[in-house]
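Q: In the order they appear, the protein sequences are chains V, Z and L.
The first sequence begins at 2 in the numbering used here and counts up one residue at a time.
The second sequence begins at 173 in the numbering used here and counts up one residue at a time.
The third sequence begins at 8 in the numbering used here and counts up one residue at a time.
By construction, the Cβ of each residue, glycine as well, lies at the ideal position given by its N, Cα and C atoms.
I'd like to ask you about the structure that follows.
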Amino acid sequence: MSDFLTHNAFWILSIIKIAVLLFIVLTVNAYLTWFERKVVAHIQSRWGPHRVGPHGLLQPAADGLKFLFKEDPTPAGVDKFVYYLAPLLALALALTSMAVIPFGPNPIPHITFFGQPIHLWVANPDISLLVLFAITALSVYGVALAGWASNSKYPLLGGLRSSAQMISYELALTMSVVGVLLMANTFSLQEIINAQASIPLFGWNFFGFTSGSKIPVPQILGFLCFFIAAIAETNRAPFDLPEAESELVAGFHTEYASFKFAMFFIAEYTAMITVSCLVAILFFGGWLSPFPASWTWTHYLPSVTLLPFGLWVIWDGIHYETIFGKLVLPAVGFAMAAIGGALIAFPAVNGFIQPTFWLLAKIFLVLFFYVWARGTLPRLRYDQLMNMGWKVLLPASIANVILTAALLLWRGH
Amino acid sequence: MSAPLIIFFVLATLAVLGAASLIFQKHPIHSALSLIVVMVALAGLYLLMGAEFVAAAQIIVYGGAIMVLFVFVIMLLNAGEEERTNLSKLAKIAGWPLALALTGVLAAAMIRASPAVANPARPGALSDTATLSKLLFTDFVYPFELTSFLVLVAILGAMVLAQREQK
Amino acid sequence: MVPTSYYLILSAILFGMGAVSFVFRRNIITIFMSIELMLNAVNLAFVAFNQMWNTQGNKLDGQVFVLFVIVVAAAEAAVGLGIIILIQRNRRSLNVERVDLLKL
C-alpha cells in the first residue's frame, strides 16, 4: 500500500490538492455572493442580508439549499443534449482555470507527501497564462449554447449578445497583457511574479521599475484595459446588459432553473475570482510584499489585521441580538484572534504565509473594486458596449503594446 | 504500455469518435460540437508531442474563435436538421466503399512507409516558446507579414460581404 | 514513447473522414466544417514530423507552419461564413443542392 502511494505520489497529491482547491473555491464563491450583497446594499443605503444567521452570514447556505430544492423544469422543445451541456461546460471551465494559479512561491516546509513537496498550486505549466486564455476563449460556448438551446427568444437574443460581447472583449483582454509579457519574457505566472521582484512596490508591473532599471515601463494603461475588458468578459455590471433583469428577463439563463442556474452563477463568480487573481499577479506583483524585505516589522501585518478584527467580532457577538449570533460570532472571532496570536507565536509559520497573505489581500481589493463598480456604475447600452470594446479598448491596448515595446527598447531591456 | 501511449490512444479515440460524430449527426450544431471535441483532442496530442504553444494556439484560435464563428452562424441562420435528398444514385451505391477505399489507401500507405519514418529522438520534450517566436520573426518574417496582410484582407472582405444592400 | 507513424496514421484517418464528410453532406456549414477537419488532420501531420526532425530542440519549422495554417484557416472561415450568410439570404436555403443555378 505504501509502495503504491510512493510510486504514484504525484497523482494522488494532485487529486487531494484539486479536492482542497475545489472546496476552497466554492466556499469563497458562496461568501463572495454574501460580500457583494452586503457591499452593494451599503452603497445603496440599506442593510443587505442580515436575518439569516448573524449578519446574514448563513445567507449563502440558505441560497444553496434553495437552489437544490427548487423545481427543475425543462422547457419543451429544447435540444436536450446541448441544454444540459451548457451549464456543465461553463462551470467546468471556470473551475479548471483556478488550477494554474500559484498561491505561493514555496512548498510547505518540512512536510512532504511520500516524497513529493507540497506546492501551493495544482499545476505549474510553462504557459500557464496561455492556459488561462484558452479557458477564457472556450467559456464563450457556455453562454452561446445556453442561449440557443433554450428554444425561446429572450435567451437566444441574450445569448447571442452576451457571446458577441465576450469575444469582442477577449481581444482587448489578451492584447492588454502583451505589455506584461514583453517585460517578463515568459508565459509562466510564477516567472512573471519573479520578474517584478527587483524593487518592492515600484518594481511591480503597474509602476514598471523592473530589471533594476531607472526608466519605468508603467503598465497603467494595460491594467485599465485589462480590468475593463475583464469586467466585460465576465458579464458583470456595468457590462451586464445581456443578463440584466430589466432588459432581457434574465438573458441567456432565463430558462434555467434551480441547480443549472446555480451552475451558471458559480461559473460567473469563479471567473470573477480568477480575473482578480490575474490582475493581482500580472500587474500588482502577486505575492510580493509592497514593503522592502528589510522592514521585518511588516511581517506582523497579518496578525495586526487578524487579532483586532477577531476581538471586534467577539465584542460584536456578545452584544448581538439573537442567541445564535451570541454563540457563533464570539466563536468565530475567537478563532480569528487565535490564528492571529499563533502567527506571532510561531515565526516560521508566519514567514511561510506572508506571500499568500499579500496575494489574498490584493485579490480581496480587486474583488472589492468589482463589487464597487457593480453598485455604482449604470449599465452600458449594447451599442455603447460594443463601441467601447472595438473602438476604444482595442486601440488602447494596441497602443499600450507599442508604447511598452518602445520604452523597453529605449532602456535596453 | 507506457503512459504516453495510453494517453495517445485515449486522445486518438476521442478524435476519431468526434470526427465520426461530425459525419453522422443530423443537426449542424451537433456537428460543430463534435468538431470542437476533435480540436481539443488534437490540442491534447500536440501537448503530448511537446508543442505547448501550438496546443494553446489551437484551442484559443480554432476552438475559441473559428468554431465560435461557426456556432454563431448556425444560430443566426437557424440552420435546422439536414434534409435527406436522394439525387445521386452513384453516391448511394459506390459511396461507402469508395470512402473506405480512400481512407484505407491512405492508412495503408502510411503503415507501409512507417519503417522509413524515424521515431522522435527526444519524445515529449517541451518546445521552447522563445525559440518558436525567434524563428517566426527571423526566418519566417516574410510569411508572417504576408499572413497579417491576408487577415486584413479577410476582415475587409467579411465586412463587405455582411453589409445590407444599400437601397 | 509514441512512434511517429501512429500520429501519421491518425492524421490519415481524420483526413479521410473529413473528405468523406465533405462529399456526402448536404448542408453548406457542415461541408465547411469538414474542410476544417481536413486542415486539422494536416496540422497533426506537421507537428508529428516536426517532433521527428527536431533532434536538437531548435528546429521548430513544423510548428511555425502549423501556426500559419491556423491563421489562414481563420481568415478563410471568416470570408467563407460571410459567403454562406449571403447564400442563405439569396437562396433561402442552406442545402447545397439548391445552389445549382449554373448547372446545365
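Threshold first: 3 residues or longer. Then list the beta strand (DSSP E) segments lying entirely within the segment 316-361 of chain V, N to C.
A: none
Q: List, in chain order, every chain Z residue whose beta-carbon is nearer than 8 Å to that of Trp122 (chain V).
A: The premise fails here: Trp122 (chain V) is roughly 17 Å from chain Z at the closest Cβ pair, so nothing lies under 8 Å.
Q: Pick out the complete alpha helix (DSSP H) segments inside the segment 30-86 of chain L, 4 residues or longer, and give them in chain order.
A: 35-60
Q: Does the beta-carbon distance from Phe46 (chain L) to Leu21 (chain L) come in below 8 Å?
A: Correcting the residue identity first, residue 46 (chain L) is Leu in this sequence and not Phe. No, they are not a contact pair.
Q: Can you name the start and end residues of the alpha helix (DSSP H) that Glu171 (chain V) belongs to?
A: Its alpha helix (DSSP H) spans residues 154-185.
Q: Looking at C-alpha atoms only, which residue of V:Ala294, V:Ala349, V:Phe188, V:Trp359 is the closest neighbour of Thr306 (chain V)?
A: V:Trp359
Q: Under a three-way DSSP split, which group does Pro315 (chain Z) fall into?
A: helix
Q: If you compare alpha carbons, which of V:Pro309, V:His300, V:Ala93 is closest to Phe353 (chain V)?
A: With distances taken between Cα atoms, Phe353 (chain V) lies closest to V:His300.
Q: Along the chain, where does the alpha helix (DSSP H) that runs through Gly223 (chain V) open and close?
A: 221-234
Q: So, using beta-carbon positions, are Ser163 (chain V) and Asn236 (chain V) closer together than 8 Å?
A: yes
Q: Provide the residue(s) that pair with Phe114 (chain V) in DSSP beta bridges, ordered along the chain.
A: V:Gln117
Q: Pro126 (chain V) versus chain Z: which residues are under 8 Å apart at the beta carbon?
A: Glu224
Q: Spatial neighbours of Val141 (chain V) within its chain, please: C-beta separation below 8 Å, excluding the five flanking residues on both sides.
A: The residues are Ser164, Met167, Ile168, Glu171.
Q: Any beta carbon of chain V sitting closer than 8 Å to that of Leu298 (chain Z)?
A: yes
Q: Under a Cβ-count criterion, where at least 16 other Cβ atoms within 10 Å of its own Cβ denotes burial, should Met8 (chain L) be classed as buried or exposed?
A: exposed
Q: So, using beta-carbon positions, are Leu283 (chain V) and Val181 (chain V) closer together than 8 Å?
A: Yes, the pair counts as a contact, with Cβ atoms nearer than the cut-off.
Q: Just mark Ala147 (chain V) as buried or exposed, buried being the case when its beta carbon has 16 or more other beta carbons within 10 Å.
A: Counting the other Cβ atoms within 10 Å of the Cβ of Ala147 (chain V) gives 16 or more, which makes it buried.
Q: Thinking C-alpha only, which one of V:Ile319, V:Ile25, V:Phe260 is nearest Pro88 (chain V)?
A: V:Phe260
Q: Which stretch, first to last residue, makes up the alpha helix (DSSP H) that contains Thr340 (chain Z)?
A: There is no way to answer for residue 340 (chain Z), as the model of chain Z reaches only from 173 to 339.
Q: So with CB distances below 8 Å, who are the chain Z contacts of Met24 (chain L)?
A: Val188, Ala191, Ala192, Leu194, Ile195, Thr275
Q: Bridge partners for Asn102 (chain L) per DSSP, in chain order?
A: L:Asn34
Q: Pick helix, strand or coil for Phe321 (chain Z), following the three-state DSSP scheme.
A: Residue state, collapsed to three classes: helix.
Q: Taking C-beta to C-beta, are Ala173 (chain V) and Ala185 (chain V) nearer than 8 Å?
A: no
Q: Which two residues bound the contiguous alpha helix (DSSP H) that contains Glu269 (chain V)?
A: Start and end: 259-284.
Q: Do Asn401 (chain V) and Ser46 (chain V) count as a contact pair if the criterion is CB distance below 8 Å?
A: no
Q: Could you round the C-beta distance between Ile136 (chain V) and Leu94 (chain V) to whole angstroms and report it? I think they count as a contact, below 8 Å.
A: 5 Å
Q: How many Å lie between Lys198 (chain Z) and Ala85 (chain L) at the Cα?
A: Rounded to the nearest whole angstrom, the C-alpha separation of Lys198 (chain Z) and Ala85 (chain L) is 24 Å.
Q: CB-CB under 7 Å to Leu214 (chain Z), same chain, minus the five flanking residues each way: which ones, in chain order?
A: Ala187, Gln230
Q: Give the C-beta separation of Gly105 (chain V) and Thr357 (chain V) to the nearest angstrom, bearing in mind that I take them to be a contact with Cβ-Cβ under 8 Å.
A: 5 Å
Q: To which residues of the same chain is Ala230 (chain V) closer than 7 Å at the C-beta, ignoring the five residues directly before and after it?
A: Tyr170, Ala173, Leu174, Ser177, Leu394
Q: Where does Lys71 (chain V) sit, in a helix, a strand or coil, going by DSSP?
A: coil
Q: Enumerate in chain order the residues of its own chain whose CB-to-CB distance from Gly64 (chain L) is below 6 Å, with the five nearest sequence positions on each side excluded.
A: none
Q: List the endpoints of the continuous alpha helix (DSSP H) containing Phe104 (chain V).
A: Phe104 (chain V) -> no alpha helix (DSSP H), and no H or E assigned at all.
Q: If you reduce the DSSP assignment to three classes, tell me which class His8 (chain V) lands in.
A: Residue state, collapsed to three classes: helix.
Q: If you run the structure through DSSP and keep just helix, strand and coil, what is Ser295 (chain V)?
A: coil
Q: Per the contact definition of three or more C-beta pairs closer than 8 Å, is the segment 15-23 of chain V in contact with the segment 276-296 of chain V?
A: With a cut-off of 8 Å on Cβ pairs, the segment 276-296 of chain V is not in contact with the segment 15-23 of chain V, counting fewer than three such pairs.
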